[in-house]
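Numbering (our numbering), first residue to last: 6 to 134.
Glycine residues also receive a C-beta, built at the ideal position from the N, C-alpha and C atoms.
On a predicted model such as this, the values are computed, not experimentally measured, just so you know.
Below you'll find the structure, written out as structure tokens, and then a few comments.
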Ligand code: HEC
């Protein structure tokens, strides 16, 4: 009887241990990817608008605002403390803010302000992605 109980206890401990290990393995932080997917979505919507030649001022403003607030998540979420990374994240915030301030009302204006934003995405991706 005692032996059977010990074997059962051993099994239970084994199962608990396995579950803990599985949890640790699946805990890879999904936030960095989530932040970038969000950036990609809003950037994508803006470039679709450009391609379609339909750059509604309110829509543009909405996507730029979402990019501005999402950009502030990059540094805390990625946890990369290299200067070059934090500088590029800061640069992105600056360009998005400048874009918002010019309030692009047509496609020509949007194309002008979106260029430096896209360049900043590219420059960080070349180094860190
Ligand atoms: C400061 C650096 C930095 C900036 C600026 C940046 N990114 Fe990223 N981005 C990354 C890194 C690092 C990855 C790789 C993330 C990973 O695989 O976990 C990435 C990945 C991505 C991905 C792929 C996500 C996936 O499905 O795995 C997209 C889309 C993306 N970025 C869009 C953008 C857009 C659009 C911008 C500009 C508006 C931007 N990023 C600006 C660092 C940056």
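Residue 60 has its Cβ no nearer than 6 Å to any heavy atom of ligand 1. Taking C-beta atoms under 8 Å as the contact rule, residue 76 and residue 42 fail to qualify, at a distance of about 14 Å. Counting the other Cβ atoms within 10 Å of the Cβ of residue 118 gives 16 or more, which makes it buried.
Cβ neighbours of residue 58 within its own chain (closer than 7 Å, five residues either side excluded): 112.
In the three-state reduction of the DSSP assignment, residue 7 falls in the helix class. Judged by DSSP secondary structure, residue 59 falls outside any alpha helix (DSSP H); it is assigned neither H nor E.
When secondary structure is reduced to three states using DSSP, residue 37 falls in the helix class.
When DSSP states are grouped into helix, strand and coil, residue 109 belongs to the coil group.
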